[in-house]
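The opening residue of the sequence shown carries number 821 in our numbering; numbering runs sequentially from there.
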Amino acid sequence: RKMGNVSNASSETELRGALAWMVGEEGRGVRTIIEMVAMTRFDCMVGSSSGQRAAVAQALHHCSIRSAFGKVLNRQPLMQNVLADLVVENEGSVALTMRIARALDLRADDEHEDLLVRLVTAIGKYWICKRTPQLTYESMECIGGSGVMEDGPFPRLFRKSPVNAIWEGSGNVQCLDVRRAMQKTPETVEAFFAEVAKAKGANETLDRYVGALRREFADRADLEYRARDVVDRMALAIQAALLVQHAPPMIADAFCASRLGASGHHNYGALPRGVDCAAIIERATPRA
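Below, the structure written as structure tokens:
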């Protein structure tokens, strides 16, 4: 029995003496199965992004009607910082997931899109799925003690949150696959930077971050050892580039300032001063 995701049955089947037909070239099994793997990894991105939204929506709704210390929670500065930060995280997840959806639709007739699928699906699957448990917990904390009650939505959301990071290749597998793609198909790296370059000039923090990332790629020593750090930075770069292009400025600017700035990103609720948290919360709060 699984700790979560119980409604989605899992089993392991051992085939002994079964009749089988080879569906690809002998010795090229990974290449044959990679098409299916791309889709299932994308499915993990969709599941985790939507799980994030479910958790954030619960937190936003609760904090819009719950009062403490004489004021509604979503009007209190520190809670505004936390809620807005959660929203910004989910906006980045959805933006990257939808970009891969588009790439999957177009890859058959577009080499750039095909290269993005090869490299960025693993990046997105790794980053989004691993970020989901912490975001879910933080959303649960916004609700307080009742958030852990079994008759509420959060126990199920939280127990389900780690599974997509483990399925279809855990974190190390995704990072090693990114490394493999970079080494075997160097064009994927140029496709990545070409995609990020679409946002060039729109945000100085992003431009500096991408420049530093490019310089990092000049050093390929110990790449396996550094793989998680490199993939983390690639994920943030492409999420930021997508938000700069497609999200409202308040979202994109908050993402770049909090995730790409010199201080880095720590626990949720550490957005820098100057972010319009109230507007971000208003944008994301569920409507009746």
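Ideal Cβ positions, reconstructed from N, Cα and C, are used throughout, including at glycine.
Which residue's Cα is closest to the Cα of residue 867: 902, 910, 881?
The count along the sequence shown starts at 1 and reaches residue 867 at position 47. Looking at the Cα atoms, 910 is the closest of the given residues.
Going straight from the alpha carbon of residue 896 to that of residue 933, what length do you get?
To locate residue 896, count along the sequence shown from 1; it is residue 76. To locate residue 933, count along the sequence shown from 1; it is residue 113. Taking the straight line joining both Cα atoms gives about 43 Å.
What whole-angstrom Cβ distance do residue 916 and residue 1071 have, given they're in contact under 8 Å?
Numbered from 1 along the sequence shown, position 96 holds the residue referred to as residue 916. Numbered from 1 along the sequence shown, position 251 holds the residue referred to as residue 1071. Their Cβ separation, rounded to whole angstroms, is 13 Å, which puts residue 916 and residue 1071 out of contact at 8 Å.
Specify, as a first and last residue, the run of the alpha helix (DSSP H) that residue 984 falls within.
Position 164 of the sequence shown, counted from the start, is the residue given in the question as residue 984. Per DSSP, residue 984 belongs to the alpha helix (DSSP H) from 983-986.
So, are the CB atoms of residue 939 and residue 826 less than 9 Å apart?
Residue 939 sits at position 119 when you count from the first residue of the sequence shown. Residue 826 sits at position 6 when you count from the first residue of the sequence shown. No, the Cβ-Cβ distance between residue 939 and residue 826 is not below 9 Å.
Could you check which residue in 914, 1033, 960 has the C-alpha nearest to that of residue 1088?
Taking the first residue of the sequence shown as position 1, residue 1088 is located at position 268. Among 914, 1033, 960, the Cα nearest to that of residue 1088 is on 960.
For residue 1095, name the three-state secondary structure that DSSP assigns.
Sequence index remark: in the sequence shown, residue 1095 carries index 275 (1-based). Coil at residue 1095, not helix or strand.
Find out if the Cβ-Cβ distance for the pair residue 943, residue 994 is shorter than 9 Å.
Sequence index remark: in the sequence shown, residue 943 carries index 123 (1-based). Sequence index remark: in the sequence shown, residue 994 carries index 174 (1-based). Yes, they are a contact pair.
Excluding the 5 residues flanking residue 1091 on each side, which residues of the same chain have their C-beta closer than 8 Å to its C-beta?
Residue numbering aside, residue 1091 sits at position 271 when the sequence shown is read from its first letter. Taken in chain order, the residues that qualify are 901, 904, 905, 908, 1074, 1077, 1078, 1097.
Would you mind reading off the limits of the alpha helix (DSSP H) that contains residue 933?
For the purposes of this step, residue 933 is taken as the residue at position 113 of the sequence shown. Note, residue 933: alpha helix (DSSP H), 931-963.
Judging by CA-CA distance, which residue of 837, 838, 852 is the nearest neighbour of residue 844?
Residue mapping note: residue 844 aligns to position 24 of the sequence shown, counting from 1. For residue 844, the nearest C-alpha among the options comes from 852.
How is the alpha helix (DSSP H) around residue 1029 delimited, first residue to last?
Counting from one through the sequence shown, the residue named residue 1029 turns up at place 209. Segment 1024-1037, the alpha helix (DSSP H) holding residue 1029.
For the alpha helix (DSSP H) holding residue 1076, just list the boundary residues, first then last.
Sequence index remark: in the sequence shown, residue 1076 carries index 256 (1-based). Per DSSP, residue 1076 lies in no alpha helix (DSSP H) and is assigned neither H nor E.
Who are the near neighbours of residue 858 in its chain, counting only those whose CB is closer than 6 Å to its CB and skipping five residues on each side?
The residue given as residue 858 occupies position 38 in the sequence shown. Result list for residue 858: 937, 941, in chain order.
Mind reading off the beta-carbon distance from residue 1032 to residue 998? Whole number of angstroms is fine, and I expect it under 8 Å.
Walking along the sequence shown from the start, residue 1032 turns up at place 212. Walking along the sequence shown from the start, residue 998 turns up at place 178. Not a contact, Cβ separation roughly 18 Å.
Can you name the start and end residues of the alpha helix (DSSP H) that residue 909 belongs to?
For this step, residue 909 is matched to residue 89 along the sequence shown. First-last of the alpha helix (DSSP H) with residue 909: 897-926.
How would you label residue 922, buried or exposed, when you count the other beta carbons within 10 angstroms and need 16 or more for buried?
Indexing the sequence shown from 1 puts residue 922 at position 102. Exposed.
Here's a check: name, in chain order, each residue in its chain whose Cβ is nearer than 8 Å to the Cβ of residue 953, leaving out the five neighbours to either side.
As a position in the sequence shown, residue 953 is number 133, starting the count at 1. Taken in chain order, the residues that qualify are 978, 981, 982, 985.
Starting from residue 847, trace the alpha helix (DSSP H) both ways and give me its first and last residue.
What you label residue 847 is simply residue 27 of the sequence shown in a count that begins at 1. Unbroken run through residue 847: none, as it is neither H nor E.
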